[in-house]
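Chains as they are written, first to last, in the working numbering: chain W, 2 to 308; chain H, 615 to 1150; chain E, 68 to 355. Following: one structure in structure tokens, then a few remarks.
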Amino acid sequence: MLPLILRRAVEAVPTLVLVTVTVFLVVHVIPGDPALFLAGDQAREEDVAGVRRHLGLDRPYHLQYLGYLGRILRGDLGYSFTTRTAVADVIAPRVWPSVQLALAAMTLAALLGLATGIVAALRPHGWIDTVVSTVSLLGVTVPTFWLGLMLMWLLAVHWQLVPSFGTGTWKHVVMPAITLGAAPLGIIARLTRSEMLEVLQQDFIRTAWAKGLARHVVVLKHALRNMLLPAVNFVGMQIGIALGYAVVTETVFAWPGLGRLLIDSVTVRDYPTIQGLILLFAAVFIALNVVVDGVAMWVDPRTRHAG
Amino acid sequence: MRRSLSEWRRGALGLTVLAFLVMAGGPAVAQAPKPGGQANVAFSARLETLNPPLINTSLGARIAQHMFETLTTVDDDGRVRPLLAERWAASPDGLTWTFTLRRGVRFHDGTPFNAQAVVANFNHVLDPNLKYGRAGEYPVLKRTEAVDEHTVRFHLSQPWGPFPAYLTRPFAGAQVSPAAIAKGPEFLARNPVGTGPFKLEKFVPGQELLVARNDAYWGKKPYLDRLRFVMIPEAGAREAALQAGDVHLAVPLPPQFERTVSGNPALQWRADRGSRLVYVGINMFRPEFQDFRIRQAMDLAIDRDAILANFLRGLGRKPRSYVQSVAFGFLPVSEYPFDPARAAALLKEAGWTKGKDGILEKAAGEKFPQIVFRVFQGRVIGDLQAAQAVAGYLQEVGFPVVLRQLEHNVHFAEAQKPENKTPQAISQLSLASIGNSVMDGSHTLKLFDFRRPIADAAFSWYHEQDVWPYVDTMLQQSDPAVRLEAIRAAQKLMVPKSVWLPLYEVDQTAGVSKALKGLKVGMDEGYWLWEAWLDK
Amino acid sequence: MRLVPGWLRRIARLHKGVAGLAIVAVYLLAAVCAPLLTPHDPVKQNMAKYMTPPSWAHPLGTDDLGRDLLARILYGARVSIVIAFWASTLGLVIGTALGLTAGYYGGWWDTVAMRFIDLVLSFPSLIVAIAIAIVVGHGVANVIVAVGIYSVPMFARLARSSTQQVRAHEYVVAARSLGASDARVIARYIFPNITASLFVVWTLRMGLVVLTASTLSFLGLGVQPPTPEWGAMLSTAREHLRTSPGLAVYPGLAILGLAMGFNLLGDAMRDVLDPRMRGRLGQQYGVA
């Protein structure tokens, strides 16, 4: 299995190179001027030009890109325009809060989603099923930011159950995790439900029942084992989406993560930081996909040759 | 156990007397500042670095000014006062300024504050190798010289009257320890070594700043042990934090929170006069804007009272000039009345009448060119809403205005484009705002001097020469009486031309916990907690 | 007499199909009949009526520029439906073109096209939409472009795998070996067999497009003021959440409702038109 993962990783390299090109192009195509922003409102034209020269922004694009690529290969993400410190130093302290939020949200979504999906499938069209289906549909369709704002007002201000900002304890993570996890939860619940329904209708299940095995034994041993692979797939898919919506969640809750850094960097046109962040997102995303595929292959060797 | 009625009455009387005593003596007792404690502040600006030339927001700079100090400071009357410098004087030709520094001051790392330190600071900010871009703050500063331990001499290429006022701006004027400067920008970003009443304890860029009292401070030591500044970009979240008791001060808070903050007995709403003027710049290169009657009509068509009453909930001031009402030299030139009828009459005089489709047209059928009104959102309270209102008012009298909302950075960059200085520029209005940290009328009026174009002037590019003599006087003379004359004359000249359409001067609004006392609020977003204390 | 096509009848038999159809129909009706349903202009401001609470004249109250909130929500339906329709269709057209040709012809074109798709898919989806929106700027047309392009990869992938499946069928192989031209094979065999699943995804996608477009507006990247768009309304409302929560609640509910309607409808369509897609491979197309 390891060689397979390695092969996927190697296949991802050209994609990553293309990613750097794309990121570079996109960032430079965005209208706006970082040099102007840095020079301030009292700046004369020569001040702005000086800053531009100092940041290397007046060189032709291909030279800038090659310089950028060369630095990346050496592991150097460049220097942030706004702080004149290494981009890696700007990004590093924000990685853990983002990971923390993503883990919390996805754990919540995965556990609750899988659990409710399975329970709903066990009694289709019953009242549990209806509740689960409705709530999961709501989770998918409610706008993330709206949910965040409502939660903040309700839990932090009105009922004062959790602090309104900050990080550190599980109480701080609750609201952002629910906000970010709502959509993945809904999707995982629905997918799990329909997959579980299919599994339950398969012959070997009926055979087990016919043999007289207790229902919960059947469910636990046989059905769940067949759910493992799909579950891994569902959760894996959702993590990537969650990374994107983390941007909105972090903005609403002032969560000091990578998503907020991205928005802030874009506002001030801090090209090196933007490039570093998007590259990081893409690399993580690709790595996640490789890992999820690897886990899927490990769980169910049959998929190894499919797709 | 039963008591007799008279016993109850005596008890009640005693209690009442006691209550009166407490209340009479109460205020006196409660007013003595209690040392100790940590105050928490929620603010909106993004603070990524503590290297003063790289701080990009006023609010961020004010927070940094709890750790850094400048040579001079401005008080609420607009007068320049000594801070790290004790006194100063200009040479007769105005090209040399000599400052005498305060003695006995040390930076947080123990390095003494002296003339050599000041020289190191100015050389650092203006260093051509670092290209901080803040060199534009002191365009005429040629050289800084340490005459002796406590005397600094600034050599200018041109006389500059308001020079001491500009030294109050922290971006280029904050004094940083030379030992820290020597360690370079990477060190400076996270290590603010200043002379101020607080020193760094912990800084998490983009998230929070924790500072502790500087017990070696040369001036009056703060009461608070610690100050924690937390960055919360969402106004609703800041207010939530204040309501929940997680912070003692939430700044800024938009006007609509006045009701909820005032409704909480533990909180207090603060509205203080600010120095930020929001205005609409008219691109003076466009042919259709050359006729001053057209511009005046625009001025008359806008109902500023309604804007103030509605978006700002009265928390602002109607402008009277192009200079903020709190700045030195302010002259209330215009009432800025709302008179759409007179606007229509002026337009008619200029040959434009409102056509059947509601758009101004000339008798021959030529229509008024479409005007792009560039606006941004979220920089100043009420900006986008006021802009939408203005667009509506202008459309009412027939101007074909179309809004173009841009990110602030893009908006700024659009205005700088060279083609805006030609008649072929897109017909445009620009929303803009300008503060006045130096509290001097020249700060806004110098934008009309086309010989000294700076970024902020790009929203209107007024290029006539009639204002130049006044600008020269106000910038180069140091005698306040002479400068005052020039500033006033410039206003009398420019305001009737309606080159700018001032909209409002915004108040600074915030929410404070009643437990936080001693908060000092200065204009240009100065929320100072140097003398604050917690009453618990 | 087949006035109503069979598939529509079968959809209607499912509860969620009915619900979805009904909801979408209500929104469509609101959008089309907006001028009849409200006498107010959604764009014209009126300072005197700043943030008034609900009343007979203004059932949901007025916003911060004195405009009737109900009117803005009703007219906002037009904006949202237009964006949803055109963005999905743009994604569908470009995606199908890419995917079908890649799946049919294979070879180097397949590799190139799929590399490109993989590239776009290597970024979290919302980031892609944000990036495009920043580059193209504000405005309804630009939002359509941004969200449309962001939808292309899914359509492309689906079109490609469906095309490959159909192409492998015996009758297609036979037709090609008999000398039928590519154009004829595509038109007669491939296309009709992939439309069903494409149609399903197209419908499901519209729900997601509504959410994404409103998120972009919320972040300040969407339509230009004074266009009534629900996400933009939420952006203004977030500051007034405590004082006038209605400004946030109603547009939020509107977004929720429309997204839900499309979701239910798409779900029902999938169950009816393409049961094969009910499995996990199919579910992913609608929700990312």
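Using N, Cα and C, we set each Cβ at its ideal position, and we do this for glycine too.
I322(E) has a beta carbon lying within less than 9 Å of a beta carbon in chain W.
When DSSP states are grouped into helix, strand and coil, L926(H) belongs to the coil group. Excluding its 5 nearest sequence neighbours in each direction, K1128(H) has C-beta neighbours in its own chain below 7 Å: A880, L881 and Q882, listed in chain order.
Rounded to the nearest angstrom, the gap between the Cα atoms of L278(E) and L286(E) is 12 Å. Linking V761(H) to R767(H) through their CA atoms gives a straight-line distance of about 7 Å. The beta carbons of V267(E) and V30(W) sit no closer together than 9 Å.
Within the DSSP secondary-structure output, Q882(H) pairs in a beta bridge with V1126(H). Of D905(H), R918(H), G859(H) and N1034(H), the smallest CA-CA separation from P164(W) is found for G859(H).
The DSSP-derived three-state label of T686(H) is strand. Contact between R783(H) and E751(H) holds, since their C-beta atoms are separated by about 6 Å, short of 8 Å. Residues of the segment 14–40 of chain W with a Cβ closer than 7 Å to any Cβ of chain H, in chain order: P32, G33, D34, L37, F38, L39 and A40. H680(H): not part of any alpha helix (DSSP H); DSSP gives it neither H nor E.
Along the segment 642–665 of chain H, going in chain order, the ones with a CB nearer than 9 Å to a CB of chain W are A656, R660, E662, T663 and N665. Taking 4 residues as the shortest admissible run, the segment 106–181 of chain W contains the following complete alpha helix (DSSP H) segments, listed from N- to C-terminal end: 128–142 and 145–152.
Contact between the segment 13–30 of chain W and the segment 1040–1048 of chain H is absent, with fewer than three C-beta pairs closer than 8 Å. Sequence-distant Cβ neighbours of R804(H) in its own chain, meaning closer than 7 Å and more than five residues away, are L664 and F817. Residues of chain H with a Cβ closer than 7 Å to the Cβ of S165(W) are, in chain order, A851, A854, A855, A858 and D860.
Between V133(W) and A190(W), the C-beta gap is smaller than 9 Å, which places the two residues in contact. The C-beta of T874(H) comes closer than 9 Å to at least one C-beta of chain E.
Under the three-state reduction of DSSP, I896(H) is assigned to strand. Excluding the 5 residues flanking it on each side, A304(E) has same chain C-beta neighbours closer than 6 Å at L314 and A315, in chain order.
Residues of chain H whose Cβ lies closer than 9 Å to the Cβ of W154(W) are, in chain order, G850 and A854. Among the CB atoms of chain W, one or more fall inside 9 Å of the CB of S192(E). Secondary structure at T765(H): strand, using DSSP grouped into helix, strand and coil.
Per DSSP, reduced to three states, the secondary structure at P1094(H) is helical.
Pairwise C-beta distances place the segment 1021–1029 of chain H out of contact with the segment 291–304 of chain E, as fewer than three of them are shorter than 8 Å. In the three-state DSSP reduction, T967(H) falls in the strand class (E or B).
Shown here for S99(W): same chain residues with a beta carbon closer than 6 Å to its own, the five before and five after excluded, namely G258 and L259 in chain order.
Listed along chain W, no residue sits closer than 7 Å to N209(E) by beta-carbon distance, the nearest being about 12 Å off.
Contact of G274(E) with chain W by beta-carbon distance below 9 Å involves V141 and T142. For G169(W), no Cβ of chain H is located within less than 9 Å of the residue's own Cβ. Within chain W, the residues G41 and Q43 have their CB atoms less than 9 Å from the CB of F785(H), given in chain order.
The segment 855–873 of chain H and the segment 651–663 of chain H touch, with no fewer than 3 CB-CB distances between them shorter than 8 Å. For E1010(H) against P954(H), the beta-carbon gap comes to about 7 Å, under 8 Å, which counts as contact. Of all alpha-carbon atoms in F982(H), I1068(H), A1069(H) and D1063(H), the one lying nearest the alpha-carbon of T1087(H) is that of D1063(H). Short of 6 Å from the beta carbon of A223(E), and not among the five residues preceding or following it, lie these beta carbons of its own chain, in chain order: G162, L165, G166 and I184.
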